[in-house]
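Heads up: the structure comes next, in structure tokens.
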Amino acid sequence: MFKIFAILAVFAAIWLAGCAQGPTPTNVTEKVVQPAVVIDDMAVLDDGASRSWKLEPGNYKLEFSATGDGAEVEWAGSDCPKTKEMTKLSTTCSMKQTGQLVVTNAATIGAGDNVSVTVKVTRTVL
124 MFKIFAILAV FAAIWLAGCA QGPTPTNVTE KVVQPAVVID DMAVLDDGAS RSWKLEPGNY
184 KLEFSATGDG AEVEWAGSDC PKTKEMTKLS TTCSMKQTGQ LVVTNAATIG AGDNVSVTVK
244 VTRTVL
């Protein structure tokens, strides 16, 4: 009879231990992504010159400024529109494939001024 009580006690202890663990955890597939600065650059562009940076697929925020007549900005490889010459811009773009951010000092028949540009691109939370 003692063996039966011992077996029942062990069974009860195992059963209670299983209940004390709480609910079974589920798999979480959503990633928590922190914003990250991927480009933080300054450059001087001669008349007609451009500068480009490779971007992997993702969502991006651009903060841009330029001196003089400004510069054009293009998100090559995306559906985001190319700008005209601008001196200040804050915008976002979603790159569905690998592409480039291209900043250009539009040519003025070879007689245009140099343009200083600052470019900061942050990959934003998805």
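Per the working numbering, the sequence shown starts with residue 124, numbered consecutively.
Ideal Cβ placement from N, Cα and C applies to all residues, glycine included.
Here the structure is a predicted model, which is why all the values come from computation and not from measurement.
- For the 8 Å CB-CB criterion, Thr247 and Pro158 form a contact.
- Where Gly193 is concerned, there is no enclosing beta strand (DSSP E), because DSSP gives it neither an H nor an E.
- In this model, Leu168 and Ala229 are separated by some 10 Å (Cα to Cα).
- Under the DSSP assignment, Gln223 falls in the beta strand (DSSP E) whose first and last residues are Gly222 to Thr227.
- In this structure, DSSP gives Thr241 an extended state, which the three-state scheme calls strand.
- Ala189 sits buried, since 16 or more C-beta atoms from the chains shown fall within 10 Å of its C-beta.
- Each of Val242, Ser217 and Thr245 was checked against the Cα of Ser201, and the nearest Cα belongs to Ser217.
- Between Val242 and Phe187, the C-beta gap is smaller than 8 Å, which places the two residues in contact.
- Residues of the same chain with a CB within less than 6 Å of the CB of Met209, apart from the 5 flanking positions on each side, are Gly193 in chain order.
- Straight across, the Cα-Cα distance linking Ser175 with Thr206 is about 15 Å.
- With fewer than 16 other Cβ atoms from the protein chains shown falling within 10 Å of its own Cβ, Thr221 counts as exposed.
- The shortest CA-to-CA distance from Val161 to any of Glu195, Lys184, Asn237 and Asp236 is the one to Lys184.
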